[in-house]
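Each remark here refers to the structure printed beneath this line.
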Amino acid sequence: MNRIEIKNLTKYYGKTLALDDVSLALEAGKIYGVLGRNGAGKTTLLNLLTDKISPSSGAVHVDGKPVAGNDEVLGKIYYMMEKNLFPPAMRVQECFRWTQVFYPGFEMPYALELARKFGLNTRKKVKELSTGYLSIFKAICALSSNASILLFDEPVLGLDANHRHLLYRELLERFSQTGSTMLISTHLIEEVSSVLEETIVLKAGKVILFQNVEELLASAYMVYGEATNVDRFLDSRKGMGEESMGKFKSAIVLQRLAEKDIQELSELDLESGKVELQKLFIALTNG
Amino acid sequence: MHIDVKSEQPLFLQVARAIEDDILKRSFEEEEQVMSTTEISVRFQINPATAAKGVNLLVQEGILYKKRGVGMFVSPGAREKVLEKRREEFSQGFFRKMLQEAKKLGISKQELVKMIEGSDGQ
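Quick note, the sequences are listed as chains A and B, same order. Its first residue numbered 185, the first sequence is counted upward by one per residue in the numbering used here. Its first residue numbered 838, the second sequence is counted upward by one per residue in the numbering used here.
Quick look at the structure:
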């Protein structure tokens, strides 16, 4: 269970439109990526999902029940916010205990094991943690909470490459065990790409893409070669994210690579290749 | 087992191929249990649904079979099946590409044959 239904969600901050009529149905037991440039509405969406803020219009339901003012439903969701909400003078281990008060399913042994794996000193006060360790600490709270819906807002902020790798592995392991629905919002797209099943791309408060990652990557390709030939190839197709390097050019084509495309590519002496999610994202969200 | 996120191939195909490679190398013998989708997912940092898609592909081809509640096992005769499939792929894909590349570089057939003979045992 734990299906999330987002219906016609709109949020204004004063006169600024932060989220514009967003409707999404998120299935249980999948890992979703919420991608978007700064100010696209990612955090606003996550805040609305957890009733931290009220929508201007529209609603969020989990298994048919509205989240607004509903503690029973909100108790199923753990939200790792980018902001720190723990008292700065509190020690990590105390924070774990307090999290257990609000999330009775919190698994203390697992939290301590993760702390050990990441080298997080649980006797430290929250204010003494570096940006990276603050992220690790918050992510550990989320993973250990045992909530059936986990929302991560920039979970790898300030983490070095080794810790990012470790975090994604632990997250996948936990996901396999619990089957929790996970939403991950991050700017480090290429790294998270393989971890995601579905991707939601926001631009200026609107959902411009909601698709299975693997299908998305299979339904686009890159072409490279001499600029004049690339242009000729793109005459009958829609190219995006074009990049020139001297007399050469590359572009993304949002179409499945068909036999006739391969034929034409070889006639024009062009090469084709896989598109990375990050490149696709940049092309989709530019301008 | 090796998976490269940057590779041209879709990840689920790489998962299937990596398991096939292990069967060819006899890292997994017939009737032996292979890695679970969770293990594949965690080890290679890929979504479990992607890992499962790769494994299921091999189940469909009869290379792996599922023992309910236990896991995935290598089917009897799987190695032979993989060999046959990959030999076909070799002549249709790899070998053809090599010929095309050789043509592009102006390498003649005789030179190619010489190279092959010269690389004996390597």
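Note that CB positions come from ideal geometry on N, CA and C, so glycine has one too.
Have a look at the DSSP bridge pairing and note the partners of residue i.
i, result
"L334 (chain A)", "A:Y262 and A:M366"
"L203 (chain A)", "A:K195"
"T383 (chain A)", "A:G217 and A:Q395"
"A435 (chain A)", "A:V407"
"L210 (chain A)", "A:I188"
"V246 (chain A)", "A:I188 and A:K249"
"K890 (chain B)", "According to DSSP, K890 (chain B) bridges with nothing at all."
"Y902 (chain B)", "B:F910"
"G423 (chain A)", "A:V437"
Would residue i and residue j qualify as a contact pair, given that the criterion is a beta-carbon distance under 8 Å?
i, j, result
"A345 (chain A)", "F336 (chain A)", "no"
"V276 (chain A)", "V310 (chain A)", "yes"
"A331 (chain A)", "I261 (chain A)", "yes"
"I373 (chain A)", "L304 (chain A)", "no"
"S328 (chain A)", "F302 (chain A)", "no"
"T365 (chain A)", "N186 (chain A)", "yes"
"E266 (chain A)", "L193 (chain A)", "no"
"E381 (chain A)", "A853 (chain B)", "no"
"L233 (chain A)", "V391 (chain A)", "no"
"L401 (chain A)", "V459 (chain A)", "yes"
"V911 (chain B)", "E867 (chain B)", "yes"
"F417 (chain A)", "L367 (chain A)", "no"
"K922 (chain B)", "G899 (chain B)", "no"
"T362 (chain A)", "G217 (chain A)", "no"
"S878 (chain B)", "S360 (chain A)", "yes"
"I468 (chain A)", "V407 (chain A)", "Looking at the sequence shown, residue 468 (chain A) is not Ile but Leu. No, they are not a contact pair."
"Y405 (chain A)", "L441 (chain A)", "yes"
"V892 (chain B)", "T874 (chain B)", "yes"
"N884 (chain B)", "I436 (chain A)", "no"
"T370 (chain A)", "P339 (chain A)", "yes"
"Q882 (chain B)", "H349 (chain A)", "yes"
Quick check on residue i: buried or exposed, where buried means 16 or more other Cβ atoms within 10 Å of its Cβ?
i, result
"P250 (chain A)", "exposed"
"S319 (chain A)", "buried"
"S844 (chain B)", "exposed"
"A273 (chain A)", "exposed"
"L203 (chain A)", "buried"
"K226 (chain A)", "buried"
"S378 (chain A)", "buried"
"M952 (chain B)", "exposed"
"Y197 (chain A)", "exposed"
"G930 (chain B)", "exposed"
"Q395 (chain A)", "exposed"
"F927 (chain B)", "exposed"
"V950 (chain B)", "exposed"
Return no unless some Cβ of chain A is closer than 8 Å to the Cβ of residue i.
i, result
"V892 (chain B)", "no"
"I856 (chain B)", "no"
"V879 (chain B)", "yes"
"E926 (chain B)", "no"
"F931 (chain B)", "no"
"E845 (chain B)", "yes"
"I900 (chain B)", "no"
"L848 (chain B)", "yes"
"Q882 (chain B)", "yes"
"G939 (chain B)", "The displayed chain sequence assigns Ala, not Gly, to residue 939 (chain B). So no, A939 (chain B) is outside the interface."
Determine the direct distance from the alpha carbon of residue j to that of residue i, and round the result to whole angstroms.
i, j, result
"R924 (chain B)", "R863 (chain B)", "17 Å"
"D445 (chain A)", "S434 (chain A)", "16 Å"
"L313 (chain A)", "E869 (chain B)", "47 Å"
"E398 (chain A)", "V871 (chain B)", "24 Å"
"Q897 (chain B)", "Q846 (chain B)", "19 Å"
"E189 (chain A)", "I860 (chain B)", "44 Å"
"A411 (chain A)", "L464 (chain A)", "20 Å"
"L438 (chain A)", "V385 (chain A)", "15 Å"
"M264 (chain A)", "D419 (chain A)", "46 Å"
"A323 (chain A)", "E375 (chain A)", "17 Å"
"P288 (chain A)", "R281 (chain A)", "10 Å"
"N222 (chain A)", "S240 (chain A)", "21 Å"
"M424 (chain A)", "A295 (chain A)", "45 Å"
"I856 (chain B)", "F849 (chain B)", "11 Å"
"L210 (chain A)", "V246 (chain A)", "9 Å"
"A889 (chain B)", "R905 (chain B)", "15 Å"
"F270 (chain A)", "G316 (chain A)", "16 Å"
"K946 (chain B)", "M935 (chain B)", "11 Å"
"A224 (chain A)", "A388 (chain A)", "5 Å"
"R421 (chain A)", "L942 (chain B)", "31 Å"
"Y352 (chain A)", "K940 (chain B)", "45 Å"
"D858 (chain B)", "I840 (chain B)", "11 Å"
I want to see whether chain B comes within less than 8 Å of residue i, judged by CB atoms only; does it?
i, result
"A345 (chain A)", "no"
"G217 (chain A)", "no"
"A402 (chain A)", "yes"
"G409 (chain A)", "no"
"Y287 (chain A)", "no"
"T206 (chain A)", "Per the sequence presented here, residue 206 (chain A) reads as Val, with Thr not at that position. Output row for V206 (chain A): interface = no."
"K458 (chain A)", "yes"
"E448 (chain A)", "no"
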